[in-house]
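Here is the structure we will look at.
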Amino acid sequence: MMAPALPDPDTARLDALEREALHRALLDRVEAAWQLCREVHPALPRPAVWLDLRGKSAGQAHFGRGGLRFNPVLYEENRRAFLVEVVPHEMAHWLVHHLEDGGRARPHGREWQTVMRRLFGLPPSTTHRFDTGRASPAPYRYHCACREHDFTARRHALARRGSRYRCRHCAQTLVYCGRSAFEKTV
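Numbers in this note's numbering are just positions in the sequence shown, counted from 1, shifted up by 9.
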């Protein structure tokens, strides 16, 4: 495998950045990745960039909206790794989608893996290892016979409207038992 194609970001500099400058660093990294992709596919459209993704996903190539979405909480907490891993990952999706027959390619298939290895010089990892606790809080506690389960606000609302959830281990219906200590302090 070749060395990473994009320059390694300065960790100390990244750690010192405030929100606006951090957002600018992300935009600059996307621009650099896009320019690199254009060496292979000159007609590649420039993606719009949004920091509006929530939950456990770090990034998303959103073809319907015409750009890349990133999770601001995970970016804030994992600045260097985010720029080194997530931006090329999503830009590889963007590039593959815009290639001939790219719309039929599997999301993490051979084409995407080739772009990650040959263009970005990175291993084609499909998942991140970021702590998603703050990015995807699940403040509603449910219990069964064997353990407690944490629900997001969306799943809790569905349960309140009548959806039933069962434990995968004991098969008992989950019962609401209150909000977590984390949510009460936030």
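Ideal Cβ positions, reconstructed from N, Cα and C, are used throughout, including at glycine.
9 Å is my cut-off, CB to CB: does residue i come that close to chain C?
i	result
residue 81	Among the chains of the structure shown, chain C does not appear; only one protein chain is present.
Any idea which residues DSSP pairs residue i with across the strands?
i	result
residue 160	149
residue 33	BP columns for residue 33 are empty, so no partner.
residue 71	76
residue 182	175
residue 187	150
Can you name, in chain order, every residue of its own chain whose Cβ lies under 6 Å from the Cβ of residue i, other than the five neighbours on each side?
i	result
residue 165	149
residue 129	14, 97
residue 187	150
residue 92	18, 38
Should residue i be listed as close to the ligand NAP, given that the test is whether its C-beta is under 8 Å from any heavy atom?
i	result
residue 33	For the structure depicted, the ligand NAP is absent and the ligand set is empty, with no information on it obtainable.
Within a Cβ cutoff of 8 Å, which residues of the same chain sit near residue i, ignoring the five residues on either side of it in sequence?
i	result
residue 74	57, 59
residue 181	153, 154, 155, 175
residue 140	86
residue 23	31, 34, 88, 89, 92
With respect to the beta strand (DSSP E) encompassing residue i, which residues constitute its N-terminal and C-terminal limits?
i	result
residue 57	57-59
Could you please give the first and the last residue of the uninterrupted alpha helix (DSSP H) stretch that includes residue i?
i	result
residue 22	20-25
residue 123	119-123
residue 98	96-107
residue 82	81-86
What does the Cβ neighbour count give for residue i, buried or exposed, with the cut at 16 atoms within 10 Å?
i	result
residue 68	buried
residue 17	exposed
residue 97	buried
residue 184	exposed
residue 127	exposed
residue 157	exposed
residue 49	exposed
residue 77	buried
For residue i, which residues of its own chain have a beta-carbon under 7 Å away from its beta-carbon, when the five flanking residues on both sides are left out?
i	result
residue 20	89
residue 26	34
residue 42	15, 96, 97, 100
residue 177	none
residue 72	106
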